[in-house]
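S.K.: Here it is: the structure, laid out below.
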Amino acid sequence: MAEPVDNDDSEVVSVGTRFVDNFFKIRLLKFELIGGLDPQGNQYYFSNGDYFLKVDGHRSTVTISYFSGSMLGKAEITIYNLPHQLADEISNLGQYMAMPGRLCHQIIIYATTENSDENDPRYIKIFEGSILVSYTDYNAVPDYVTHIQAQTSGGFNNVPCPYVSYSGSVSSEDIVKAIVNNFKLTINSNEAQTLNVEMIKGAKNQQELDKIRARNPIISHVVNAKVTTTQTNPHFVGDLKTQLDECAKAGRFEYNIQQSILYMYPKGQGIPNVSESPPLFSVQTGMVGYPQYSNNGIIVKSVFKPFLIFGQPIRIQSKVKPACGVWHSMASMQHSLSSLMPDGDWYTTTLVSNLSNKWGSTVG
1 MAEPVDNDDS
11 EVVSVGTRFV
21 DNFFKIRLLK
31 FELIGGLDPQ
41 GNQYYFSNGD
51 YFLKVDGHRS
61 TVTISYFSGS
71 MLGKAEITIY
81 NLPHQLADEI
91 SNLGQYMAMP
101 GRLCHQIIIY
111 ATTENSDEND
121 PRYIKIFEGS
131 ILVSYTDYNA
141 VPDYVTHIQA
151 QTSGGFNNVP
161 CPYVSYSGSV
171 SSEDIVKAIV
181 NNFKLTINSN
191 EAQTLNVEMI
201 KGAKNQQELD
211 KIRARNPIIS
221 HVVNAKVTTT
231 QTNPHFVGDL
241 KTQLDECAKA
251 GRFEYNIQQS
261 ILYMYPKGQG
271 IPNVSESPPL
281 FSVQTGMVGY
291 PQYSNNGIIV
301 KSVFKPFLIF
311 GQPIRIQSKV
321 KPACGVWHSM
331 ASMQHSLSSL
341 MPDGDWYTTT
351 LVSNLSNKWG
361 STVG
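The sequence shown begins at 1 in full-length UniProt numbering and counts up by one.
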């Protein structure tokens, strides 16, 4: 295989470019675990005496996946060779131990930024959600591994959500906001609300206060990306996800939750108002290799794009002319990351379809 060259005609990330140079930097991931609440509103505390637990400085891999069809984002986390006591403690946090009414334990994932370096690591939050499964596998010693699965708003099926009912015609947006607001009131009521108030009163600084307010991965607000449907005499019951799924089906829209924001958009379309113009995928912006065809559209791979929102349109610039232009429908998005792993991944891969020239065509 010929060695890749650094010129405008190459679509392989090549020696001498900014992107390969970055791959020689140390990429870091860190994790923050947040204790949940039991049905009585009692706070779970870790062995360090706090309800926050930081994990960093370990070899680790993360895969964060989003799919269309009102699926919630999911994270698969693997951490190598944690201290035994810590590994065993984390192994007790999965949803399989949860009871009805309990607010599950949560995890926040951070990754170093493009301008970060080994001596001054700078992080951004790339995922937050509830822990579904956690366990440590000792069968591969000496490299025993701790596995964690988490989902955005996962475990909320354990928390009852009041029903939503209207008489007459009402917009899908108003229904979604009502469902979300009802859920917020539920998880912030009674003992949980009292506990949060006590914590906030005892906060020592703004950073600690921000963490306390973020302890529950509540949907902070709803972004409506041009959903205009209305529903007649709607009535939705069940947990949060069940109500949102039924509302989306009746209102002919899709939704996803990222960084505590619920995005709703017309079925089969993207999120048109996330940015003024679609993000560009090209050699100059970190695209790796060539766009690939699949049965459902085009697969494009890039150096990690932490600010890409699942569902927004993207623009492709490539030597593969049929792939060039704006693709409005994002069927899936996956971040594959690794920390302190030789030749580890640091990529974003998306599957897009429905080519359109709404913003004009870009030729590779």
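The beta carbon of each residue, even a glycine, is placed where N, CA and C say it ideally should be.
#1: Can you tell which of 277, 320, 220, 284 has its C-alpha closest to the C-alpha of residue 291?
#2: Check each candidate in 268, 287, 32 and name the one with the smallest Cα separation from residue 390.
#3: Quick one: give me the first and last residue of the beta strand (DSSP E) that residue 250 is part of.
#4: Mind checking which residues open and close the alpha helix (DSSP H) that includes residue 87?
#5: Count the other CB atoms within 10 Å of the CB of residue 34; is the residue buried (16 or more) or exposed (fewer)?
#6: Flag this pair as touching only if the segment 172-179 and the segment 249-258 have three or more C-beta atom pairs under 8 Å; answer yes or no.
#7: Please classify residue 261: is it buried, with 16 or more other beta-carbons within 10 angstroms of its beta-carbon, or exposed?
#8: Is it the case that the Cβ atoms of residue 227 and residue 264 are separated by a distance below 8 Å?
#9: I'd like to know if the segment 322-331 and the segment 291-300 are in contact, where contact means that at least 3 CB-CB pairs between them fall below 8 Å.
#10: Whole angstroms are fine: how far does the CA of residue 185 sit from the CA of residue 60?
#11: Cα separation between residue 257 and residue 144?
#12: Terminal residues of the continuous beta strand (DSSP E) containing residue 292?
#13: Contact defined as beta carbons within less than 8 Å: I believe residue 299 pairs with residue 236. What is the distance between those atoms, to the nearest angstrom?
#14: Consult DSSP for residue 343 and reduce its assignment to one of helix, strand or coil.
#15: Does the segment 330-345 come close enough to the segment 46-65 to have 3 or more Cβ pairs within less than 8 Å?
#16: How long is the line joining the alpha carbons of residue 350 and residue 267, rounded to whole angstroms?
#17: Mapping DSSP to helix, strand and coil, what is residue 323?
#18: For residue 16, count neighbouring Cβ atoms within 10 angstroms of its own Cβ and tell me buried if that reaches 16, exposed if not.
#19: Could you name the residues of the same chain whose beta carbon sits closer than 8 Å to that of residue 58, not counting the 5 residues immediately before and after it, in chain order?
#20: Tell me which same chain residues have a C-beta within less than 6 Å of the C-beta of residue 246, skipping the five on either side of it?
#21: Comparing C-alpha positions only, which one of 307, 277, 289 sits nearest to residue 396?
#22: Looking only at its chain, what residues have a beta carbon closer than 6 Å to the beta carbon of residue 154, apart from the 5 residues adjacent to it on each side?
#23: When DSSP builds the beta bridges, which residues end up paired with residue 31?
#24: Identify, in the order they occur along the chain, each residue of the same chain with its Cβ nearer than 8 Å to the Cβ of residue 52, setting aside the five sequence neighbours on each side.
#25: According to DSSP, simplified to helix, strand and coil, what is residue 133?
#26: On the DSSP bridge list, what partners appear for residue 351?
#27: Among residues of its own chain, excluding the 5 on either side of residue 125, which ones have a beta-carbon nearer than 8 Å to its beta-carbon?
#28: Classify residue 46 as helix, strand or coil using the three-state DSSP reduction.
#29: Output the boundary residues of the beta strand (DSSP E) element that contains residue 263.
#30: Beta carbon of residue 354, beta carbon of residue 332: below 8 Å?
#31: Where does residue 256 fall in DSSP's three states?
#32: Roughly how far, in whole angstroms, is the beta-carbon of residue 377 from the beta-carbon of residue 134, given that I think they are within contact range, below 8 Å?
#33: Could you give the residue range of the beta strand (DSSP E) that holds residue 316?
#34: Name the residue from 85, 89, 105, 308 whose alpha carbon lies nearest to the alpha carbon of residue 42.
#35: With respect to the beta strand (DSSP E) encompassing residue 67, which residues constitute its N-terminal and C-terminal limits?
M.R.: In terms of the structure at hand:
#1: Nearest C-alpha to residue 291: 320.
#2: Summary: the structure shown does not reach residue 390, with the chain confined to residues 1 through 364, and so no result is reported for it.
#3: According to the DSSP assignment, residue 250 belongs to no beta strand (DSSP E) but to the alpha helix (DSSP H) extending over 240-251.
#4: 84-90
#5: Label assigned to residue 34: buried.
#6: yes
#7: Residue 261 counts as exposed, since fewer than 16 other beta carbons sit within 10 angstroms of its beta carbon.
#8: yes
#9: yes
#10: 36 Å
#11: Between residue 257 and residue 144, the alpha-carbon positions lie close to 32 Å from each other.
#12: 292-294
#13: Between residue 236 and residue 299 the Cβ distance is about 36 Å, and since that is not below 8 Å, they are no contact.
#14: coil
#15: In short, these stretches touch, since the Cβ pair count reaches three.
#16: 18 Å
#17: helix
#18: In this predicted model, residue 16 has a pLDDT of only 35, less than 50, meaning its place in the structure is not dependable enough to derive any value.
#19: 79, 80, 81, 82, 339, 340
#20: 236
#21: Since the first residue of the chain shown is 1 and the last is 364, residue 396 is not available in this structure.
#22: 129, 130, 132
#23: 55, 109
#24: 32, 33, 34, 35, 46, 211
#25: Residue state for residue 133 is assigned as strand, using DSSP reduced to three classes.
#26: 299, 332
#27: 108, 109, 110, 259
#28: coil
#29: 261-266
#30: no
#31: strand
#32: As shown, the chain starts at 1 and ends at 364. That puts residue 377 outside it, with no answer to give.
#33: 314-316
#34: 105
#35: 60-67
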